[in-house]
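Below is one structure, written out as structure tokens; comments come after it.
There are 2 protein chains.
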Amino acid sequence: MQIVILAGGVGGSRFVSGARSAYPEADISVIVNTADDITLHGLRICPDLDTMMYTLGGGIDSERGWGRTEETWRVKDELAAYGVEPSWFGLGDLDLATHLVRTQMLDAGYPLSAVTAALCTRWLREQPQLRLLPMSDDRVETHIVIDDGSGRRAIHFQEYWVRLHAVPDALDMVRVGIDQATAAPGVLRALADADLILVGPSNPVVSIGPILAVPGIRAALQSAQAPVVGFSGILGGAPVLGMAHRLLPVIGVEVDAAAVGLHYGARPAGGLLDAWLVDSGDAAAARTATAAGLPTRAVDLVMHDPATTARFIRSGVDFGLSVRAQRMQLGQVRDAS
Amino acid sequence: MQIVILAGGVGGSRFVSGARSAYPEADISVIVNTADDITLHGLRICPDLDTMMYTLGGGIDSERGWGRTEETWRVKDELAAYGVEPSWFGLGDLDLATHLVRTQMLDAGYPLSAVTAALCTRWLREQPQLRLLPMSDDRVETHIVIDDGSGRRAIHFQEYWVRLHAVPDALDMVRVGIDQATAAPGVLRALADADLILVGPSNPVVSIGPILAVPGIRAALQSAQAPVVGFSGILGGAPVLGMAHRLLPVIGVEVDAAAVGLHYGARPAGGLLDAWLVDSGDAAAARTATAAGLPTRAVDLVMHDPATTARFIRSGVDFGLSVRAQRMQLGQVRDAS
């Protein structure tokens, strides 16, 4: 079985770990958001790809959710001693080696997808059935428009999130480079060949949003043979992780599990999803979304550990398959077989 | 008083520390060899400048003689875990921050001399009368030709010294880029304005040699008003530090304190030096060099500590001044006053 997962960083990587447990025999390709990527101190940093790689490869600091276990911060402190800015980014010593290798390969002309594959030869050596695909080899960066008192200015998403802790209101968002970006090699083919496509519970605005905004990816999802099953990261009207509640207003979407599902939309209505999973605490949202045409089920979505996550993914997938089966009986979709 | 010192790394920085002690009121400019510089992992590394900066700024690991005190090697080990070569270079975590700052400034278009001044705002903040000048802002690299069994090949000096420990015979030497190099801003002016010029006991082939080979620097030394006093790094037929004995044969110079002095040459004979200092154990070399026209004195040249070093520098300078005074009486030099 070929599974494709769309995902961001911290939550996304936990979701993929769960999917790995749920379907141990499947080939899993993860299309990872790269719009959080940033260049600092001359180093190209890909937070979501790295979080995914470290998590799946067993190198993550699982308490913090990002960065390496047994990390130290000597280079960062030393850069600060030189008075070099920015000093707010969590640049660990072990992590830095990854950025050095990446930056040097990029400077040598390798595309990000090839660099990611090279880095994964270390981290995913023993998991050949798991591969990470950056959404694009092109440089795309999410910038957030804030008012800092002296007027509106656009800052990199990392600055908004890491330095400002998403405190200022996000007035607008710009995805620099997105219109000129193309999907990385393997991305569209993976979607076309998939038996199952999962949209992880990552941030709909700055994680899943950029992936879907890469020209070609939305259309590939819409035309995919595989059922597309989405999972809400909003539980009880708030994100489990991160700052989606601070950013959803920018795209005019309510901080609500039904609203996010309907933002992705139901496939028969031109949207992306065959089925939507919300938390068991959001039964009302499930009814709202279903009534609005998006088949939605409420299950326990808290990712306590890979086993729990695997359980709700299997249950979500079963629900998605039943939705597809029903619709096939009604002649609404072609039989992929 | 304006003092200019020509120097390399480990020995050179100890010599400069001694000069600092010897003449606490003087303005000291150090013209530092940059032909050892190397780019590794995308980082521009200037070993001699860094050793000088860390030593004079109190950050050196004084037992090892290079690199930072309380250094760690986490990034280096992590690069090795990625299988990234080369792994033989001693790239410490604290040291790496220096290279990151330097590389980013160079990439932004600042010349090495400006980068060095910027880095020194941290290290030499409290020593405004001490400044480090790279010999050149242009990229110059010493390559050593060896025979590795399958034929002759040229390798970077750092590979010869750090990886191969100077074991293979050096068959030849190439200073890549030297002909096109120009002296860094401030270098020629410092030599012209100096009251005293000291040639440190650094390697005559790969430390002092490249400085003298930068077009314009040799002529500036020859025409300088100041007395030029040189100090031998060869004691009793062997270098105190480093691998000068492995490289002197390449330039056809005997591993001998008199031979090195005569290689620099006496000023009246078109050479560089007014006076040459050899170790008290090399009294025969002192006689040989003096007889050959280079006024030479034997004193204890072992750099036990800055105080000892200061003592022999003062004694060498006094000797140099007496040689100049004598020669002025003989009408061989103009009075600088």
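Protein chains in written order, with my numbering: chain D, 1 to 337; chain H, 1001 to 1337. Note that beta-carbon positions come from the ideal geometry of N, C-alpha and C, so glycine has one too. The structure displayed is predicted, hence computed values, not measured ones.
> Any idea what DSSP makes of D1355/H, helix, strand or coil?
Replying inline: Not covered by the structure: residue 1355/H. The range shown for chain H is 1001 to 1337.
>> Just to make sure I have the definition right: I need the residues of chain D whose C-beta is within less than 7 Å of the C-beta of G1042/H. Which are they?
In response: On the second sequence, position 42 is the one that residue 1042/H refers to. Ordered by position in chain D, the residues that pass the 7 Å Cβ test against G1042/H are L100, T103, Q104, D107.
> Between V1240/H and chain D, is there a C-beta pair that is closer than 7 Å?
Replying inline: Residue mapping note: residue 1240/H aligns to position 240 of the second sequence, counting from 1. Output row for V1240/H: interface = no.
> With which residues is P201/D paired in a DSSP beta bridge?
Replying inline: Along the first sequence, read from residue 1 onward, the residue named residue 201/D stands at position 201. None; P201/D has no bridge partner.
> Between L301/D and chain H, is there a C-beta pair that is closer than 7 Å?
Replying inline: Your numbering for residue 301/D matches position 301 in the first sequence. Not one chain H Cβ lies under 7 Å of L301/D.
>> Taking only three categories from DSSP, how would you classify G231/D?
In response: Here residue 231/D is taken as the residue at index 231 of the first sequence, counted from 1. Correcting the residue type first, residue 231/D is Phe in the shown sequence and not Gly. In this structure, F231/D counts as strand in the three-state DSSP scheme.
>> Considering only the alpha carbon of each residue, which of L1049/H, T1182/H, L1091/H lies closest to L1119/H?
In response: Residue 1119/H sits at position 119 when you count from the first residue of the second sequence. The shortest Cα separation from L1119/H among L1049/H, T1182/H, L1091/H belongs to L1049/H.
>> Here's the rule I'm using: 16 or more other beta-carbon atoms within 10 Å means buried, otherwise exposed. How should D343/D be labelled?
In response: In this structure chain D extends from 1 to 337, so residue 343/D is not present and cannot be described.
>> Pull the bridge partners of W1276/H from the DSSP assignment, please.
In response: For this step, residue 1276/H is matched to residue 276 along the second sequence. G1230/H, T1296/H, per the DSSP bridge assignment.
> Can you list the alpha helix (DSSP H) stretches of 4 or more residues lying completely in the segment 14-77 of chain D, in chain order?
Replying inline: 47-57
>> Along the chain, where does the beta strand (DSSP E) containing A1244/H start, and where does it finish?
In response: Here residue 1244/H refers to the residue found at position 244 when the second sequence is read from its first residue. Per DSSP, A1244/H is not a residue of any beta strand (DSSP E); the alpha helix (DSSP H) it occupies stretches across 1244-1247.
> At least one CB of chain D closer than 7 Å to the CB of R1387/H: is that the case?
Replying inline: Look at the range of chain H in this structure, 1001 to 1337, and you will see that residue 1387/H is not part of it.
> For Q104/D, is the classification buried or exposed, using 16 other Cβ atoms within 10 angstroms of its Cβ as the cut-off for buried?
Replying inline: Numbered from its first residue, the first sequence carries residue 104/D at position 104. Per the 10 Å Cβ criterion, buried.
> So T956/H and R74/D are in contact, right, with Cβ under 8 Å, and what is the actual spacing, rounded?
Replying inline: Because chain H here runs from 1001 to 1337, residue 956/H falls outside it and cannot be looked at.
> Using 8 Å as the Cβ pair cut-off and three pairs as the minimum, do the segment 1098-1113 of chain H and the segment 40-49 of chain D touch?
Replying inline: yes
> Considering only the beta carbon of each residue, do L1262/H and A1292/H sit closer than 7 Å?
Replying inline: Indexing the second sequence from 1 puts residue 1262/H at position 262. Indexing the second sequence from 1 puts residue 1292/H at position 292. If you check the CB distance, L1262/H and A1292/H come in under 7 Å.
> What's the gap between the Cα of I1031/H and the Cα of I1005/H?
Replying inline: For this step, residue 1031/H is matched to residue 31 along the second sequence. For this step, residue 1005/H is matched to residue 5 along the second sequence. Answer to the nearest angstrom: the Cα atoms are 6 Å apart.
> Of all Cβ atoms in chain D, is any one closer than 7 Å to the Cβ of E1078/H?
Replying inline: What you label residue 1078/H is simply residue 78 of the second sequence in a count that begins at 1. Interface residue, yes.
>> Just to make sure I have the definition right: I need the residues of chain H whose C-beta is within less than 8 Å of the C-beta of Y82/D. Which are they?
In response: Residue mapping note: residue 82/D aligns to position 82 of the first sequence, counting from 1. Per Cβ cutoff of 8 Å: A1097, T1098, V1101, L1119, R1122.
> Are the segment 150-169 of chain D and the segment 188-195 of chain D touching, with three or more C-beta to C-beta distances below 8 Å?
Replying inline: no
> Is any beta-carbon of chain H found at less than 7 Å from that of L94/D?
Replying inline: Working through the first sequence from its first residue, we reach residue 94/D at position 94. For L94/D, the answer is yes, since a Cβ of chain H falls inside 7 Å of its Cβ.
> Which of helix, strand or coil does DSSP assign to A1007/H?
Replying inline: As a position in the second sequence, residue 1007/H is number 7, starting the count at 1. Strand at A1007/H.
>> Three Cβ pairs or more, each shorter than 8 Å: is that satisfied between the segment 76-88 of chain D and the segment 1019-1031 of chain H?
In response: no
>> Does the structure place the segment 1171-1179 of chain H close enough to the segment 1133-1140 of chain H that three or more beta carbon pairs sit under 8 Å?
In response: yes
> Quick one, are the C-beta atoms of A1285/H and A1266/H less than 7 Å apart?
Replying inline: Residue mapping note: residue 1285/H aligns to position 285 of the second sequence, counting from 1. Residue mapping note: residue 1266/H aligns to position 266 of the second sequence, counting from 1. In this structure, A1285/H lies away from A1266/H, with their beta-carbon atoms at least 7 Å apart.
> Who are V317/D's beta bridge partners in DSSP?
Replying inline: Residue numbering aside, residue 317/D sits at position 317 when the first sequence is read from its first letter. DSSP output for V317/D lists no bridge partner at all.
> Under the three-state reduction of DSSP, which class applies to D147/D: helix, strand or coil?
Replying inline: On the first sequence, residue 147/D is found 147 positions in, with the first residue counted as 1. Residue state, collapsed to three classes: strand.
> Are there 16 or more other CB atoms within 10 angstroms of the CB of S1167/H, so buried, or fewer, so exposed?
Replying inline: Within the second sequence, numbered from 1, the residue matching residue 1167/H stands at position 167. Here residue 1167/H is Val; the residue named in the question, Ser, does not match the sequence. With fewer than 16 Cβ atoms within 10 Å of its Cβ, V1167/H is classed as exposed.
> Which residue's Cα is closest to the Cα of G1209/H: S1113/H, Y1110/H, A1035/H, R1152/H?
Replying inline: Counting from 1 along the second sequence, the entry for residue 1209/H is found at position 209. Closest by alpha carbon: A1035/H.
> I think V302/D touches S232/D, with their Cβ atoms under 8 Å apart; what is that distance to the nearest whole Å?
Replying inline: Along the first sequence, read from residue 1 onward, the residue named residue 302/D stands at position 302. Along the first sequence, read from residue 1 onward, the residue named residue 232/D stands at position 232. Not really, about 11 Å apart at Cβ, beyond 8 Å.
>> Output needed for L198/D: all residues of its chain with C-beta closer than 6 Å, excluding positions within five of it in sequence on either side, in chain order.
In response: The residue given as residue 198/D occupies position 198 in the first sequence. For L198/D, same chain residues with a beta-carbon under 6 Å away, outside a window of 5 residues either side, are I5, V229 in chain order.
>> For Y82/D and A1097/H, which I take to be in contact (beta-carbon distance under 8 Å), what is that distance rounded to the nearest angstrom?
In response: In the first sequence, counting from the first residue as 1, residue 82/D sits at position 82. In the second sequence, counting from the first residue as 1, residue 1097/H sits at position 97. Sure, about 7 Å apart at Cβ, within 8 Å.
> By the 10 Å Cβ neighbour count, where 16 or more other Cβ atoms means buried, how is A269/D classified, buried or exposed?
Replying inline: In the first sequence, residue 269/D corresponds to position 269, counting from 1. The residue in question, A269/D, is exposed, as its Cβ has fewer than 16 Cβ neighbours within 10 Å.
>> Going by DSSP in three states, A1238/H sits in which element: helix, strand or coil?
In response: For the purposes of this step, residue 1238/H is identified with residue 238 of the second sequence, where counting begins at 1. Strand, per DSSP.
>> Using C-beta distances below 7 Å, list every residue in its chain close to H1099/H, excluding the 5 sequence neighbours before and after it, in chain order.
In response: Against the second sequence, residue 1099/H aligns to sequence position 99. L1043, R1044, I1045, listed in sequence order.
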